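K.L.:
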Amino acid sequence: MSADDNARIDAIEQALLARWPEARISPTLERIAALTDMLGSPQLTYPTIHVGGTNGKTTTSRMIDSLLFEMGLRTGRFTSPHLESYLERISINSSSIDPKAAIFAYNDVAPYLELMDSKFENPISFFEAITAMAFVAFAEHPVDIAIIEVGMGGQWDATNVVDADVSVLMPIGLDHMEYLGNTLDEIAQTKAGIIKAGGFIVMAEQKPEAAKELLRRAAEVEADIAREGIEYSLDARAIAVGGQLISINGLNEKYDEIF
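Encoded structure:
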């Protein structure tokens, strides 16, 4: 990375961090919907797998990305949080976004941020801005499919302006109760908000209260569903050098030794 690119990446990070903090939650899709509309709704230009739940979202997103990339698809992946650099959140073809592509995406988004700030009570947040950057980057690449991890909750998470072809619901537990609710069924109801009409759901094994809400939402929007232990199951898992090997009994056949 050139010195100029490095300086620009640092400046973008400071501009993002100066925004409404990621940990300060405002439960609405109004701002991100308005922002993506101004950008031409880039998130609707490619198929999407939306990954929600409580535990294992990032690991699952990475595994889906790896599988699809190895199948020859151009993939985009958005996950959070990051460890060292905010660029880790946006991946293209299973690697962190190239700095020049990140700069291009931010330059696309930046002109609309202050405009959106002036239109709403609360400004565009760090998470909303970087989510929009990911949507733009994936459209510009372009990707064949995007794997988008929910930040928090689901129904009003900034990522939920996608029209997901597949919604993945990992195990749901009691998390972020100050925002999502005090009971498992309340939290599951919010997380079920990523299930789209006519979509397909891949549901990990859930506690009964959570499963009830997910199934209710699926029936409400006429979404098809594959449940762990019923329509599909994990047959075997073993530690391997650099990862793990798994075997899955899928909807139509068995898949052995997936790395």
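Counting from 1, position 138 in the sequence shown corresponds to residue 303 in the numbering used here; the numbering is continuous, with no gaps.
A virtual CB, placed ideally from N, CA and C, is assigned to each residue, including glycine.
If you're wondering where the values come from, they're calculated on a predicted model, not measured in any experiment.
From this set, Asp350, Leu278, Val333, which residue's C-alpha is nearest Phe291's C-alpha?
P.N.:
For the residues Asp350, Leu278, Val333, the minimum Cα distance to Phe291 belongs to Leu278.
K.L.:
Determine, using beta carbons only, whether Gly410 and Asp328 come nearer to each other than 7 Å.
P.N.:
Residue identity check: residue 410 is Leu in the sequence provided, not Gly. Not a contact, by the Cβ cut-off of 7 Å.
K.L.:
Pull up the distance between the alpha-carbon of Leu416 and that of Pro288, whole angstroms please.
P.N.:
Cα to Cα, Leu416 sits roughly 44 Å from Pro288.
K.L.:
I'd like the list of long-range same chain contacts for Ser231, defined as Cβ closer than 8 Å, with 5 residues on each side in sequence excluded.
P.N.:
The residues are Ser259.
K.L.:
So what does Ile190 bridge to, in DSSP terms?
P.N.:
Paired residues: none, contrary to the question.
K.L.:
So is Pro207 buried or exposed if we call it buried at 16+ other beta carbons inside 10 Å?
P.N.:
Buried is the call here.
K.L.:
Under a Cβ-count criterion, where at least 16 other Cβ atoms within 10 Å of its own Cβ denotes burial, should Lys284 be classed as buried or exposed?
P.N.:
When all chains shown are included, Lys284 counts as exposed.
K.L.:
State the Cα-Cα distance for the pair Lys425 and Tyr271, rounded to the nearest angstrom.
P.N.:
Nothing can be reported for residue 425, as the shown portion of the chain is limited to 166 through 424.
K.L.:
By DSSP, does Gln371 sit in helix, in strand, or in coil?
P.N.:
Three-state DSSP puts Gln371 in coil, outside helix and strand.
K.L.:
Span of the beta strand (DSSP E) holding Val450?
P.N.:
In the structure displayed, the chain extends from 166 to 424; residue 450 sits before or after that span and is not available.
K.L.:
What is the DSSP secondary structure of Phe300, counted as helix, strand or coil?
P.N.:
Phe300 falls in the helix class under three-state DSSP.
K.L.:
When you compare the CB of Met342 with every CB in chain D, is at least one pair closer than 7 Å?
P.N.:
The structure shown contains no chain D; it holds only a single protein chain.
K.L.:
Once DSSP output is grouped into helix, strand and coil, what is the label at Lys377?
P.N.:
Three-state result, Lys377: helix.
K.L.:
Tell me the rounded alpha-carbon separation between Ala353 and His215.
P.N.:
Distance between the alpha carbons of Ala353 and His215: 15 Å.
K.L.:
Work out the CA separation of Pro186 and Ala266 for me, nearest whole Å.
P.N.:
So the two alpha carbons sit approximately 24 Å from each other.
K.L.:
Suppose the cutoff is 7 Å on Cβ atoms and the five residues either side in sequence are ignored; what does the same chain contact list for Leu238 look like?
P.N.:
Contacts found: Asp309, Ile310.
K.L.:
Candidates Leu200, Gly408, Asn414: which alpha carbon is nearest Ala294's?
P.N.:
Considering only alpha carbons, the answer is Leu200.
K.L.:
How about the segment 334-351 and the segment 312-326: do they share at least three Cβ pairs that are nearer than 8 Å?
P.N.:
Output reads yes: the segment 312-326 touches the segment 334-351.
K.L.:
Where do the ends of the beta strand (DSSP E) carrying Asn414 lie?
P.N.:
Counting along the chain, the beta strand (DSSP E) containing Asn414 begins and ends at 408-414.
K.L.:
Quick check for students: name the residue ranges of the alpha helix (DSSP H) that lie wholly in the segment 216-262, counting only runs of 4 or more.
P.N.:
With a minimum length of 4 residues, the continuous alpha helix (DSSP H) runs that stay inside the segment 216-262 are 222-235.
K.L.:
Relative to the C-alpha of Phe470, which residue among Glu370, Glu235, Glu351, Ile395 is closest?
P.N.:
As shown, the chain starts at 166 and ends at 424. That puts residue 470 outside it, with no answer to give.
K.L.:
For Lys222, which residues from the same chain have a beta carbon less than 7 Å from its beta carbon, with the 5 sequence-adjacent residues on both sides left out?
P.N.:
Hits under 7 Å: Val216, Glu314, Val315, Met335.
K.L.:
Would you kindly work out how many angstroms separate the C-alpha atoms of Arg381 and Gln179, rounded to a whole number?
P.N.:
Whole-angstrom Cα-Cα distance: 43 Å.
K.L.:
Using C-beta distances below 6 Å, list every residue in its chain close to Val333, excluding the 5 sequence neighbours before and after it, in chain order.
P.N.:
Only Val216, Val367 meet the Cβ criterion.
K.L.:
Using only alpha-carbon positions, find the residue among Gly408, Pro373, Glu195, Lys419 that is nearest to Thr225.
P.N.:
It is Gly408.
K.L.:
Please work out which residues of its chain come closer than 6 Å, Cβ to Cβ, to Tyr251, disregarding the five sequence neighbours upstream and downstream, and give them in chain order.
P.N.:
Glu178.
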